[in-house]
Amino acid sequence: MLAETWFWLLALSLATYVALGGADLGVGMLLSRVAKTPDERRAVIDTIRPLWKPNEVWLVAAGGTLFLAFPTLLAVAFSGFYLPLMLVLWLIVGRGLAIELRYQMDEPLWNGMWDVVLGLASLALAVCFGAALGNILRGVALDETGTFFAPLWTDLTIGDEPGILDWYTLLVATVAALALAHHGALYLSGRTQGDVRERAAGWAARLFPPLFIGWIALGGLSFEARPAVLDNLRAHAWGIVFPALAVAAFVASALLRRPHPRRAFLASTAALYASVLTAAVSTFPDVLPARDAAHSLTLAEAAAPDAGLATGLTWWLPGMALVVAYYAWMHRRIGGGR
Amino acid sequence: MEALDVHRLQFAFTITYHYLFPQITMGLALLLVVFKARELRGDEASGRALRFWAKVFGVCFAMGVVTGIPMEFQFGTNWARFSERTGNVIGQTLAMEGVFAFFLEASFLYFLLYGEKLVGPRGHLAAAVLVWLGSWLSGYFIVCTNAWMQHPVGYTLGDDGVIQLESIGALLTNPWAVRQYVHTMIGSVITASFVLAGVGAFWLLRGVHQAVARRSVALGVLVGFVASVVAAFPTGSMQAHMVSEHQPATFAAMEGHFHTEDRAAMVLIGQPNMETLTLDNPIRIPGMLSFLTFQRWDAEVPGLTEYPRDEWPDNVPLLYFSYHIMAGLGTLFIALTALAGIAWKRGRLYGARPILWALLVAVPFPFIANTAGWMTAELGRQPWIVHGLLRTEDGHSLNVSAGNVWFSLLGFAGLYSLLSALFVALMLRLIGRGPAPDPREDDAAELAARSEVA
Chain A
252 MLAETWFWLL ALSLATYVAL GGADLGVGML LSRVAKTPDE RRAVIDTIRP
302 LWKPNEVWLV AAGGTLFLAF PTLLAVAFSG FYLPLMLVLW LIVGRGLAIE
352 LRYQMDEPLW NGMWDVVLGL ASLALAVCFG AALGNILRGV ALDETGTFFA
402 PLWTDLTIGD EPGILDWYTL LVATVAALAL AHHGALYLSG RTQGDVRERA
452 AGWAARLFPP LFIGWIALGG LSFEARPAVL DNLRAHAWGI VFPALAVAAF
502 VASALLRRPH PRRAFLASTA ALYASVLTAA VSTFPDVLPA RDAAHSLTLA
552 EAAAPDAGLA TGLTWWLPGM ALVVAYYAWM HRRIGGGR
Chain B
8 MEALDVHRLQ FAFTITYHYL FPQITMGLAL LLVVFKAREL RGDEASGRAL
58 RFWAKVFGVC FAMGVVTGIP MEFQFGTNWA RFSERTGNVI GQTLAMEGVF
108 AFFLEASFLY FLLYGEKLVG PRGHLAAAVL VWLGSWLSGY FIVCTNAWMQ
158 HPVGYTLGDD GVIQLESIGA LLTNPWAVRQ YVHTMIGSVI TASFVLAGVG
208 AFWLLRGVHQ AVARRSVALG VLVGFVASVV AAFPTGSMQA HMVSEHQPAT
258 FAAMEGHFHT EDRAAMVLIG QPNMETLTLD NPIRIPGMLS FLTFQRWDAE
308 VPGLTEYPRD EWPDNVPLLY FSYHIMAGLG TLFIALTALA GIAWKRGRLY
358 GARPILWALL VAVPFPFIAN TAGWMTAELG RQPWIVHGLL RTEDGHSLNV
408 SAGNVWFSLL GFAGLYSLLS ALFVALMLRL IGRGPAPDPR EDDAAELAAR
458 SEVA
């Protein structure tokens with residue numbers, strides 16, 4: 252019971268990172284498309300500047316939560332995904348500095364360099380996170396020792412020894428990048444003015460069809476990539492509510508785009524939450540499915556002993572209530588004007 | 008090199024590089040609060056000093072954040088077996104750092120750096136205080152994690168070898184953590200105050216930015232003096248007592264004390280010779296080690312050879328030098344800041360060019376001393392990753408080969424070299440431009456001072 256509580260808290264933390272940090276990634280990806288002049292570029296980055304750090308802390312906090320509640324999962328997954336995680340770390344370094352250091356000098360070359368770093372790193376991070384999700388959904392090559400080490404690619408098919416990149420994970424990565432770019436476009440169209448706003452709304456409209464088709468296709472192909480996903484949905488029929496919600500929220504985000512960009516962004520936020528929870532329910536109660544189902548890492552095997560889990564809850568929940576209070580305060584201070 | 012060594016090298020490199028930045032931001036966060044409080048009391052130049060140092064803080068903080076995230080990830084990527092065994096305990100403190108410290112810092116930093124107009128003068132002070140609190144909380148959770156690895160408390164050992172949390176209260180009030188924390192934070196305050204004093208001295212030597220330079224030098228020297236003294240006594244000696252009590256082999260290795268003796272001498276200088284287990288070219292103070300350890304001049308202090316060889320720290324010379332470099336530099340810091348403090352008291356500091364030069368040249372040394380201090384702690388913990396519980400050789404990820412770690416280590420080395428160049432260039436530019444000019448003061452005075460120097 253405790254382990255299950257932590258599983259859902261962890262999924263919610265990650266979903267919050269995807270929704271909040273994902274908007275920042277989307278804005279980074281679209282920067283060069285929606286902003287044509289130095290002033291416009293600055294205005295676009297200004298929309299994410301105050302909040303990108305706390306937004307990224309959700310990822311770090313989710314990492315800490317994983318460590319506390321599921322140390323075995325952290326150990327197995329992080330060491331197995333060693334190579335892509337190192338790439339993610341370098342991208343996080345470059346992207347964080349791009350946002351902060353671009354403002355240190357008012358030189359066109361300096362600003363332009365960091366804007367390119369921001370754009371490329373944002374896109375690459377979205378792709379990496381999508382590929383990581385794809386790997387978990389498809390299952391990894393856990394062996395009898397309970398560990399694996401994933402190469403970056405093998406032959407791009409889903410065999411017994413798949414790489415990080417195969418046709419399925421590439422598809423998940425593409426849909427993830429589309430979803431976050433769409434999310435960022437909606438964010439910008441609710442928080443900028445004039446030409447930038449128009450271009451952002453245009454990108455939201457352009458990105459939506461491939462995103463929606465890709466998301467639906469992914470639903471079907473996931474059964475192909477790992478047939479056990481279907482059994483999982485049968486066993487936890489209530490879980491169907493998450494994909495249904497995701498589809499409905501995506502549709503709502505498209506319908507609200509013109510009349511109410513800010514509400515469209517909220518709908519997209521709901522869609523991202525529901526997407527992450529869909530992924531969670533399609534593996535639950537495994538936390539890291541294996542290609543050979545006998546070696547899958549289950550929730551019970553991955554969880555820390557109960558005493559530590561119970562203790563953790565007593566401070567984690569109040570701590571997160573504080574975080575919500577910070578966010579409410581920050582939004583009141585900076586959100587109203589734009 | 009075996010995989011284990013490359014894993015260790017990568018962690019050592021990335022943590023050493025990372026800690027160059029938090030040590031300045033944690034100390035500087037405190038000094039920013041002082042400047043802000045003085046500004047609110049009506050000192051306009053303190054406000055300009057605050058705004059200048061907040062810019063330096065912003066760049067250092069960004070560097071600290073981006074080089075810090077890889078640290079948290081490396082527990083899982085490179086030290087999987089360690090993480091699996093200990094996650095139930097140290098996952099608590101690491102997750103607490105995210106929830107209680109990082110969100111606090113990250114949320115209010117923007118308002119400290121850029122949001123003065125959004126929150127008003129009192130709100131700006133509050134933001135400074137909250138960022139300071141956040142950074143010092145973050146320091147506590149990290150030191151607490153490290154202290155548990157040095158001196159594990161509040162746990163039970165399960166049948167399956169998994170280490171279970173028994174008492175979070177014991178974990179958070181680990182006596183080792185409390186002492187190590189105070190010592191670490193003081194070290195960070197020394198770094199920040201030496202940076203303040205050194206940059207202020209640079210401006211005074213050039214004859215520019217007089218008002219802000221004086222405030223930076225004065226605050227740097229005074230806080231630097233107090234912190235340097237406190238670093239040695241009581242915090243440094245308390246820390247040394249913890250080591251001598253709980254890690255006696257480490258203590259002997261640090262001191263270069265190979266053989267058990269009554270009236271044991273303290274070594275000031277000398278090179279450990281691991282073949283003969285003696286010190287070459289030693290300069291010693293007789294009886295001092297006995298006195299400092301047991302408060303009796305004739306007390307017997309056990310030497311390294313009392314302990315089985317497989318419990319010796321695996322790099323005794325490096326441990327010995329790290330400790331002696333830290334302690335030696337710490338002594339010099341007391342002397343330099345005392346000298347500068349006396350000159351300040353007599354009203355002569357701002358024109359005392361030799362002292363100003365010394366303060367300027369001294370800037371890198373607190374970074375070296377802090378690094379050496381951490382090397383003492385971490386090399387001293389060897390051969391254990393959790394002292395007495397888990398050996399370092401049983402902690403790394405077996406599924407990550409040496410070649411893959413070399414790949415990531417070289418990647419970090421390349422990336423961080425690039426960052427260093429950018430960071431140094433930005434800092435030199437910031438310091439060269441200096442704070443905003445005084446709106447009331449006639450710029451002619453500054454120009455006159457400048458031509459006088461020329």
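These protein sequence lines are chains A and B, in that order.
Taken in order, the first sequence gives residues 252 to 589; the numbers are from my numbering.
Taken in order, the second sequence gives residues 8 to 461; the numbers are from my numbering.
Where a beta carbon is used, it is the ideal one built from N, C-alpha and C, also for glycine.
Quickly, what does DSSP pair R398 (chain B) with across the bridge? List them, please.
Position 391 of the second sequence holds residue 398 (chain B). Note: R398 (chain B) sits in a beta bridge opposite B:W391.
Could you tell me which residues DSSP pairs with I170 (chain B) in its beta bridges?
Walking along the second sequence from the start, residue 170 (chain B) turns up at place 163. Answer by DSSP bridge pairing, in chain order: B:L164.
Using the rule of at least 16 other Cβ atoms within 10 Å of the residue's Cβ for burial, across every protein chain shown, is L32 (chain B) buried or exposed?
Translated into positions along the second sequence, residue 32 (chain B) becomes position 25. Contrary to the premise, residue 32 (chain B) reads as Thr rather than Leu in this sequence. Buried is the call here.
Closer than 7 angstroms at the beta carbon, the chain B residues around P301 (chain A):
Numbered from 1 along the first sequence, position 50 holds the residue referred to as residue 301 (chain A). Those are Y117, listed as they occur along chain B.
Quick one: using the 10 Å Cβ neighbour count with 16 as the cut-off for buried, is I227 (chain A) buried or exposed?
One cannot answer for residue 227 (chain A) here, as it falls past the ends of chain A, which runs 252 to 589.
For a test of the three-state rule: what should DSSP assign to Q99 (chain B), helix, strand or coil?
Numbered from its first residue, the second sequence carries residue 99 (chain B) at position 92. Three-state DSSP puts Q99 (chain B) in a helix.
Give the straight-line distance between the Cα atoms of W590 (chain A) and W364 (chain B), rounded to the nearest whole angstrom.
Summary: the structure shown does not reach residue 590 (chain A), with chain A confined to residues 252 through 589, and so no result is reported for it.
Thinking just about the alpha-carbon of each residue, which of B:A432, B:R186 and B:T312 is nearest to the one in L284 (chain B)?
Residue mapping note: residue 284 (chain B) aligns to position 277 of the second sequence, counting from 1. Nearest of B:A432, B:R186 and B:T312 to L284 (chain B), Cα basis: B:T312.
Against chain B, with Cβ distances strictly below 8 angstroms, would S473 (chain A) count as a contact?
Locating residue 473 (chain A) in the first sequence gives position 222, where the first residue counts as 1. No, its Cβ sits nowhere closer than 8 angstroms to a Cβ of chain B.
Per-residue contacts from R584 (chain A) into chain B (C-beta, under 8 angstroms):
Translated into positions along the first sequence, residue 584 (chain A) becomes position 333. In chain order: F118, G122, L125 and V126.
Whole-number beta carbon distance between F374 (chain B) and L39 (chain B), since they are thought to touch under 8 angstroms:
Position 32 of the second sequence holds residue 39 (chain B). Position 367 of the second sequence holds residue 374 (chain B). Going by Cβ atoms, the distance from L39 (chain B) to F374 (chain B) rounds to 19 angstroms, so no, they are not a contact pair.
On the three-state DSSP scale, how would you describe L284 (chain B)?
The residue labelled residue 284 (chain B) in the question sits at position 277 within the second sequence. In the structure shown, L284 (chain B) sits in coil (DSSP, three-state: anything other than H, G, I, E or B).
8 angstroms is my cut-off, CB to CB: does E395 (chain A) come that close to chain B?
Counting from 1 along the first sequence, the entry for residue 395 (chain A) is found at position 144. Judged by the 8 angstroms Cβ criterion, E395 (chain A) is not in contact with chain B.
Give the DSSP-derived three-state secondary structure of I409 (chain A) in the structure shown.
Here residue 409 (chain A) refers to the residue found at position 158 of the first sequence. The answer is coil: DSSP assigns I409 (chain A) none of H, G, I, E or B.
Cut-off 8 angstroms between Cβ atoms - residues of its own chain near Q246 (chain B), not counting five sequence neighbours on either side
On the second sequence, position 239 is the one that residue 246 (chain B) refers to. Within the same chain, Q246 (chain B) has close Cβ partners R186, Q187 and H190.
Would the beta-carbon of L437 (chain B) fall within 8 angstroms of that of V63 (chain B)?
As a first step, residue 437 (chain B) must be located in the second sequence, where it is residue number 430. As a first step, residue 63 (chain B) must be located in the second sequence, where it is residue number 56. Their beta carbons are under 8 angstroms apart, which means L437 (chain B) touches V63 (chain B) by this criterion.
I need the DSSP call for I415 (chain A), collapsed to helix, strand or coil.
Here residue 415 (chain A) refers to the residue found at position 164 when the first sequence is read from its first residue. Correct three-state label for I415 (chain A): coil.
Please tell me whether N306 (chain A) and G272 (chain A) are closer than 8 angstroms, where the distance is taken between their beta carbons.
Locating residue 306 (chain A) in the first sequence gives position 55, counting from the first residue. Locating residue 272 (chain A) in the first sequence gives position 21, counting from the first residue. Cβ atoms of N306 (chain A) and G272 (chain A): closer than 8 angstroms.
Can you check whether the C-beta of P556 (chain A) is within less than 8 angstroms of a C-beta belonging to chain B?
On the first sequence, residue 556 (chain A) is found 305 positions in, with the first residue counted as 1. Yes, its Cβ sits closer than 8 angstroms to a Cβ of chain B.
4-residue-minimum alpha helix (DSSP H) runs that sit fully inside the stretch 52-131 of chain B, ordered along the chain
87-103 and 110-120
Within the 8 angstroms Cβ cut-off, does A461 (chain B) reach chain A?
Within the second sequence, numbered from 1, the residue matching residue 461 (chain B) stands at position 454. Because A461 (chain B) sits at a pLDDT of 47, beneath the cut-off of 50, its placement in the model cannot be relied upon, and the following sentence gives the value as read from the coordinates. Cβ-Cβ to chain A under 8 angstroms: no for A461 (chain B).
Distance cutoff 8 angstroms, beta carbons only. Does Y577 (chain A) sit that close to anything in chain C?
No chain C is present in this structure, whose protein chains are A and B.
Using 8 angstroms for Cβ pairs, my map puts G385 (chain A) next to T420 (chain A). What's the rounded Cβ distance?
If you number the first sequence from 1, residue 385 (chain A) lands on position 134. If you number the first sequence from 1, residue 420 (chain A) lands on position 169. Correct: roughly 3 angstroms between the Cβ atoms.
Closer than 8 angstroms by C-beta to W418 (chain A): which residues in its own chain qualify, once you throw out the five before and the five after it? Chain order, please.
Along the first sequence, read from residue 1 onward, the residue named residue 418 (chain A) stands at position 167. Once the five neighbours on either side are set aside, the close Cβ partners of W418 (chain A) are L407, T408 and I409.
P182 (chain B) to W155 (chain B), Cα distance in whole Å?
As a working mapping, residue 182 (chain B) is identified with position 175 in the second sequence. As a working mapping, residue 155 (chain B) is identified with position 148 in the second sequence. Their Cα atoms are separated by approximately 10 angstroms.
Nearest-angstrom Cα separation, counted from M581 (chain A) out to L140 (chain B):
Reading the second sequence from its first residue, position 133 is the one you call residue 140 (chain B). Reading the first sequence from its first residue, position 330 is the one you call residue 581 (chain A). Their Cα atoms are separated by approximately 18 angstroms.
Where does the unbroken beta strand (DSSP E) through V538 (chain A) begin, and where does it stop?
Here residue 538 (chain A) refers to the residue found at position 287 when the first sequence is read from its first residue. D537 to L539 is the span of the beta strand (DSSP E), which, as asked, contains V538 (chain A).
If contact is defined by three or more beta carbon pairs under 8 angstroms, each pair taking one atom from either stretch, is the stretch 255-266 of chain A in contact with the stretch 547-566 of chain A?
yes
Out of curiosity, what's the CA-to-CA distance linking G331 (chain A) and F400 (chain A)?
Numbered from 1 along the first sequence, position 80 holds the residue referred to as residue 331 (chain A). Numbered from 1 along the first sequence, position 149 holds the residue referred to as residue 400 (chain A). Answer to the nearest angstrom: the Cα atoms are 4 angstroms apart.
Proximal residues to G588 (chain A) (C-beta, below 6 angstroms), its chain only, five neighbours per side dropped:
Taking the first sequence and counting its residues from 1, one reaches residue 588 (chain A) at position 337. Unreliable positioning characterises G588 (chain A) in this predicted model, as indicated by a pLDDT of 42, which lies under 50. A coordinate reading is not provided.
Straight-line Cα distance separating L282 (chain A) from G83 (chain B):
Counting from one through the second sequence, the residue named residue 83 (chain B) turns up at place 76. Counting from one through the first sequence, the residue named residue 282 (chain A) turns up at place 31. Spanning the two alpha carbons is a distance of roughly 33 angstroms.
Under the rule that 16 or more other beta-carbon atoms within 10 Å means buried, what is A432 (chain A), buried or exposed?
Sequence index remark: in the first sequence, residue 432 (chain A) carries index 181 (1-based). Buried, by the Cβ-count rule.
Residues of chain B with CB closer than 9 angstroms to the CB of W567 (chain A), please, in chain order.
By 1-based counting over the first sequence, the position of residue 567 (chain A) is 316. Correct list: A102, M103 and V106.
Given a threshold of 16 other Cβ atoms within 10 Å of its Cβ, counted over all protein chains shown, does L481 (chain A) qualify as buried or as exposed?
Locating residue 481 (chain A) in the first sequence gives position 230, counting from the first residue. L481 (chain A) is exposed by the Cβ-count criterion.
Compute the Euclidean distance between the alpha carbons of G345 (chain A) and S297 (chain B), then round it to the nearest angstrom.
The count along the first sequence starts at 1 and reaches residue 345 (chain A) at position 94. The count along the second sequence starts at 1 and reaches residue 297 (chain B) at position 290. Cα-Cα distance, rounded: 51 angstroms.
Classify R360 (chain B) as buried or exposed, calling it buried when 16 or more other Cβ atoms lie within 10 Å of its own Cβ.
Position 353 of the second sequence holds residue 360 (chain B). Burial call: exposed.
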